[in-house]
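All remarks here apply to the structure that follows.
In my numbering, the protein residues as written are 9 to 235.
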């Protein structure tokens, strides 16, 4: 049996070490496309440039997500170890939701104005999916920080704010959809309500819930091994 080629082993090594931080690339380009689209001072080609960057964001996002899912399938133990021990690796998963927010918002601003209300319903549906993703990130990732990683106050970096940024971005994106997606008021009302929950109540809930959960888990309450 012939040994694996160097190119094959290099690809395997790159795949094994592929980090969730790569989602930050598409997050940055997605934000840039929205900024260019909504600048007060526009010139003739700026809208086209923002659309090109948006399409580029979609390609990078799908490619990064595909590679990361392949990594999860081929090297589940490495992924699990990274998420349990690296606070940056865990927090960067929030960028999946943040990037999706920018993509959905651009889809609403570009496609709804060009092709009408059917695209509004598509963006409306995707927004609910993104709200669910942001809620999971905002509740689950801080719990992982405290329960599994125990980084300590000295090792906490600004990256821990990404889950809450995901919630705020999803809420702001839902506001954009409510205004520009051309959906009925009956569809707008629940979206607006959940947006206010995301932007206010959910971060407050996490700030109170996760430390309390960590205290309960650390104290061994409910641990059958101590009975």
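All residues carry an ideal CB built from backbone N, CA and C; glycine is no exception. Owing to the predicted nature of the structure, the values given are computational and were not obtained by experimental measurement.
| query | result |
| --- | --- |
| Whole-angstrom distance between residue 25 and residue 198, CA atom to CA atom | 41 Å |
| Simplified DSSP state of residue 117, which is helix, strand or coil | helix |
| Distance, residue 30 Cα to residue 87 Cα | 14 Å |
| Backbone CA spacing between residue 84 and residue 168 [nearest angstrom] | 23 Å |
| Residue 76 versus residue 90 - alpha carbon distance | 13 Å |
| For residue 50, three-class secondary structure by DSSP | coil |
| Meets three-Cβ-pair contact criterion under 8 Å: the region 59-66 and the region 132-140 | no |
| The region 37-56 touching the region 93-100, judged by at least three CB pairs closer than 8 Å | no |
| Residue 52 versus residue 110: straight-line alpha-carbon distance, rounded | 22 Å |
| Three-state class that DSSP yields for residue 153 in the structure shown | helix |
| 8 Å contact criterion, which residue 191 and residue 116 should meet: CB distance rounded | At roughly 10 Å, the Cβ-Cβ gap does not stay under 8 Å, so residue 191 and residue 116 are not in contact. |
| Same chain, Cβ closer than 6 Å to residue 102, neighbours up to 5 away in sequence not counted | 145, 170, 171 and 174 |
| Helix, strand or coil at residue 26 [DSSP, three-state] | coil |
| Distance, residue 49 Cα to residue 80 Cα | 44 Å |
| Option in 46, 126, 140 and 104 with minimal Cα separation from residue 74 | 104 |
| Cβ neighbours of residue 112 in the same chain (closer than 8 Å, five flanking residues each side left out) | 131, 134, 135, 138, 181 and 185 |
| Residue interval of the alpha helix (DSSP H) (run including residue 37) | 31-45 |
| Contact under 9 Å by Cβ, residue 206 with residue 179 | yes |
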